[in-house]
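Asker:
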Amino acid sequence: MKKLSMTLSSQNVALTDGTGTLAASVTNLADAAERVVLGAFPVGPPNSLSGSTGATIPDALRTIEAGATEQYTVKFDTTGATAGTYSVKIMPYGADQPPEDYAELGSVVNLVVPDTKHDGTRFPWWIVAIVAAVLIVGGGVLLAIHPWDPDSASQTSPVATGTEGPPVTAEAGGGTTTAERVPDGIVGLPLDQAASLLDSRALAYSVQQEQVAAGSVAAGTVLRVDPPEGADVTGPVLLTVAVEGPPANAPDFVLYALPECSVVPGGSLSGADQITIFVALRNSGPGPWTALVPFEITSDTGLRAAGNSALSTGSSFTPMQVDLTLLDFDRTLRFTAVADPANSIQEENEANNSLVVVVNMPPRMTEADDVPCSLG
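Be aware that the sequence shown starts at 1411, since it is given in my numbering, and climbs by one per residue.
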């Protein structure tokens, strides 16, 4: 039994101008002090949030005394994310244990990013009233000049004959658009052929992708069409196209960081100062993996290092080391670690391979020392 508990202030994060906060209370139920990390982890399909969660947790690693409760603030920033609802798991775990061992303690929160294309401005209906008044007055003037003669007015309208009538028209947005019929036989076609068929009917279309099991259907095949075949449509047609997913027994690499970093002056083989960030590389997928996994770590200031790591087991972490320059001290650095950066290994999920660590660099020291860092 994991001797930690957590409560959140809400399951939904209220965003203002793309940012919001959440309060988390973590209690140590053990009989001794525990080093505890509060982490944020992506849930669901790949997304456009920074670091896949949009979350920053100041002082994520804390020592919590027996029976004590610590209050954390989780900060969210969805700037640049596409509109939609995102799910993020907030989870406390022991700093010296694998985070996945504490999965049952996590709680999923929801972020709703609105569509900024619509600013909610109300339509100025007073303009309609003015136009209507002008039309009424103008109509009265015309009647005064040209009185209506019922005998001269046409009392009938021509009726189209034949089995094939003209295209149906519909009023949309104040204008008339022509309805076309979605052709039959689109589902099952390769995308290029389906696109040619729609182009021949002057039908606009958009494409979305859906992963399918490897070998089940050819990549690029149209799986669905919306509206369905045979339906009349006045707007774009949505094509759902197959993309080959990973095999059923693929691995899935996930990174976890211990929010403890250290700097060694002159620690690099080149004589440069060096920072070490401790990262655990784990396989959370159904398929096994025993070989080394390539990784890359970069900073927002242009620093870069790369290497290969074995999978972490138990409480082990891989020290990822990056050479520093004199300009990297006395400032905040944002490091991004990525497993399998070239996607050379087919995984169950290619979008959860990265991790952001924020390091508050002090002025340059003369001796090796730890520096404050947190999960970004």
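All residues carry an ideal CB built from backbone N, CA and C; glycine is no exception.
(1) With a CB to CB cut of under 6 Å and the five nearest residues on each side skipped, what residues in its chain are close to C1783?
(2) Between the alpha carbons of V1673 and I1755, how many angstroms are there, rounded?
(3) Beta-carbon within less than 7 Å of P1468's beta-carbon, same chain only, minus the 5 sequence neighbours each way: which residues are those?
(4) Report the rounded CA-to-CA distance for E1777 versus T1495, giving the unit in angstroms.
(5) May I ask you to report which of helix, strand or coil DSSP gives S1610?
(6) In the structure shown, what three-state DSSP assignment does P1729 receive?
(7) For my contact list, N1762 and S1517 are in at a C-beta cut-off of 8 Å; report their separation, rounded to the angstrom.
(8) What number of angstroms, rounded off, separates the C-alpha of T1489 from the C-alpha of G1712?
(9) Pick helix, strand or coil for A1604, following the three-state DSSP scheme.
(10) Checking 8 Å against the spacing of the C-beta atoms, do L1737 and R1692 come in under that value?
(11) For A1470 and V1498, which I take to be in contact (beta-carbon distance under 8 Å), what is that distance rounded to the nearest angstrom?
(12) Residue ranges of each beta strand (DSSP E) run of no fewer than 3 residues wholly in the segment 1659-1709, ordered along the chain?
(13) From this set, N1753, D1487, G1430, L1743, which residue's C-alpha is nearest I1685's C-alpha?
(14) From P1773 to V1781, what distance separates their C-alpha atoms?
(15) For P1729, which residues of its own chain have a beta-carbon under 7 Å away from its beta-carbon, when the five flanking residues on both sides are left out?
(16) How close, in whole Å, do the beta carbons of L1599 and Q1618 come, if the pair is a contact with beta carbons under 8 Å?
(17) Cβ of F1486 within 8 Å of Cβ of T1417?
(18) What is the DSSP secondary structure of A1509, counted as helix, strand or coil?
(19) Under a three-way DSSP split, which group does L1734 fall into?
(20) Kindly indicate the opening and closing residues of the beta strand (DSSP E) around T1488.
(21) Quick check on S1435: does DSSP put it in helix, strand or coil?
(22) Would you give the residue range spanned by the beta strand (DSSP E) that S1497 belongs to?
(23) Thinking just about the alpha-carbon of each residue, which of A1443, D1683, A1752 is nearest to the one in P1704?
(24) Looking only at its chain, what residues have a beta carbon closer than 7 Å to the beta carbon of M1775, apart from the 5 residues adjacent to it on each side?
(25) Select from L1459, A1476, G1454, R1445 the residue whose C-alpha is nearest the C-alpha of P1502.
(26) So, with DSSP's three-state summary, where would you put E1514?
(27) Can you name, in chain order, every residue of its own chain whose Cβ lies under 8 Å from the Cβ of L1702, other than the five neighbours on each side?
(28) Residues in the same chain with beta-carbon distance under 6 Å from K1413, minus the five sequence neighbours each way, listed in chain order, please.
(29) Assuming the contact rule is C-beta atoms closer than 8 Å, D1594 and G1640 should be a hit. Round their C-beta distance to whole Å, please.
(30) Just confirm the distance between the C-beta atoms of A1747 and I1707, as a whole number of angstroms; I'd bet it's less than 8 Å.
(31) Below 8 Å on the Cβ atoms is my guess for D1662 versus E1514; work out the distance and round it to an integer in Å.
Answerer: Quick answer:
(1) Here residue 1783 refers to the residue found at position 373 of the sequence shown. Only P1669, C1671, V1767, V1769 meet the Cβ criterion.
(2) Position 263 of the sequence shown, counted from the start, is the residue given in the question as residue 1673. Position 345 of the sequence shown, counted from the start, is the residue given in the question as residue 1755. Looking at the two C-alpha atoms, the distance is approximately 32 Å.
(3) Indexing the sequence shown from 1 puts residue 1468 at position 58. Its chain contains T1483, S1784 as the residues whose beta carbon lies nearer than 7 Å to that of P1468, once the 5 sequence neighbours on both sides are disregarded; these appear in chain order.
(4) Start at 1 with the first residue of the sequence shown, and residue 1777 comes out as number 367. Start at 1 with the first residue of the sequence shown, and residue 1495 comes out as number 85. Taking the CA atoms as reference points, E1777 sits about 47 Å from T1495.
(5) Locating residue 1610 in the sequence shown gives position 200, where the first residue counts as 1. For S1610, the three-state secondary structure derived from DSSP is helix.
(6) Along the sequence shown, one-based indexing puts residue 1729 at 319. Judged by DSSP in its simplified three-state form, P1729 adopts strand.
(7) Taking the first residue of the sequence shown as 1, we reach residue 1762 at position 352. Taking the first residue of the sequence shown as 1, we reach residue 1517 at position 107. Contact doesn't hold; Cβ gap of about 19 Å is too wide.
(8) Your numbering for residue 1489 matches position 79 in the sequence shown. Your numbering for residue 1712 matches position 302 in the sequence shown. Cα to Cα, the separation comes out at about 22 Å.
(9) Here residue 1604 refers to the residue found at position 194 of the sequence shown. A1604 falls in the helix class under three-state DSSP.
(10) The count along the sequence shown starts at 1 and reaches residue 1737 at position 327. The count along the sequence shown starts at 1 and reaches residue 1692 at position 282. No Cβ-Cβ contact shorter than 8 Å links L1737 with R1692.
(11) In the sequence shown, residue 1470 corresponds to position 60, counting from 1. In the sequence shown, residue 1498 corresponds to position 88, counting from 1. A1470 to V1498, Cβ: 14 Å. No contact.
(12) For the segment 1659-1709, whole beta strand (DSSP E) runs of length 3 or above, ordered along the chain, are 1663-1674, 1684-1693, 1703-1709.
(13) Here the question's residue 1685 lines up with position 275 in the sequence shown. Looking at the Cα atoms, L1743 is the closest of the given residues.
(14) Counted from its first residue, the sequence shown places residue 1773 at position 363. Counted from its first residue, the sequence shown places residue 1781 at position 371. Straight-line Cα distance between these residues: approximately 10 Å.
(15) Counting from one through the sequence shown, the residue named residue 1729 turns up at place 319. For P1729, where only same-chain residues beyond five positions count, the Cβ hits under 7 Å are T1686, F1688.
(16) Start at 1 with the first residue of the sequence shown, and residue 1599 comes out as number 189. Start at 1 with the first residue of the sequence shown, and residue 1618 comes out as number 208. The C-beta distance from L1599 to Q1618 rounds to 16 Å, too long to fall under 8 Å, and the pair is not in contact.
(17) Residue 1486 sits at position 76 when you count from the first residue of the sequence shown. Residue 1417 sits at position 7 when you count from the first residue of the sequence shown. Their beta carbons are not under 8 Å apart, which means F1486 does not touch T1417 by this criterion.
(18) Taking the first residue of the sequence shown as position 1, residue 1509 is located at position 99. In the sequence under discussion, the amino acid at residue 1509 is Pro, which differs from the Ala named in the question. P1509 carries a helical assignment under DSSP once its states are collapsed to helix, strand and coil.
(19) Looking up residue 1734 in the sequence shown gives position 324. Secondary structure at L1734: coil, using DSSP grouped into helix, strand and coil.
(20) Taking the sequence shown and counting its residues from 1, the one referred to as residue 1488 is at position 78. T1488 -> no beta strand (DSSP E), and no H or E assigned at all.
(21) Looking up residue 1435 in the sequence shown gives position 25. Correct three-state label for S1435: strand.
(22) Taking the sequence shown and counting its residues from 1, one reaches residue 1497 at position 87. From DSSP, the beta strand (DSSP E) with S1497 extends over 1494-1504.
(23) Looking up residue 1704 in the sequence shown gives position 294. Each of A1443, D1683, A1752 was checked against the Cα of P1704, and the nearest Cα belongs to A1752.
(24) Here residue 1775 corresponds to residue number 365 of the sequence shown, with the count starting at 1. The answer, listed in chain order, is V1673, P1675.
(25) Residue mapping note: residue 1502 aligns to position 92 of the sequence shown, counting from 1. If we check each option's Cα against that of P1502, R1445 comes out closest.
(26) Taking the sequence shown and counting its residues from 1, one reaches residue 1514 at position 104. Note: E1514 maps to helix in three-state DSSP.
(27) Residue numbering aside, residue 1702 sits at position 292 when the sequence shown is read from its first letter. Closer than 8 Å at the Cβ level, and outside the excluded window around L1702, lie N1718, S1719, A1720.
(28) Position 3 of the sequence shown, counted from the start, is the residue given in the question as residue 1413. Result list for K1413: L1439, A1440, in chain order.
(29) The count along the sequence shown starts at 1 and reaches residue 1594 at position 184. The count along the sequence shown starts at 1 and reaches residue 1640 at position 230. For D1594 against G1640, the beta-carbon gap comes to about 6 Å, under 8 Å, which counts as contact.
(30) The residue labelled residue 1747 in the question sits at position 337 within the sequence shown. The residue labelled residue 1707 in the question sits at position 297 within the sequence shown. At roughly 5 Å, the Cβ-Cβ gap stays under 8 Å, so A1747 and I1707 are in contact.
(31) Here residue 1662 corresponds to residue number 252 of the sequence shown, with the count starting at 1. Here residue 1514 corresponds to residue number 104 of the sequence shown, with the count starting at 1. About 19 Å separates the beta carbons of D1662 and E1514, which is beyond the 8 Å limit, so they are not a contact pair.
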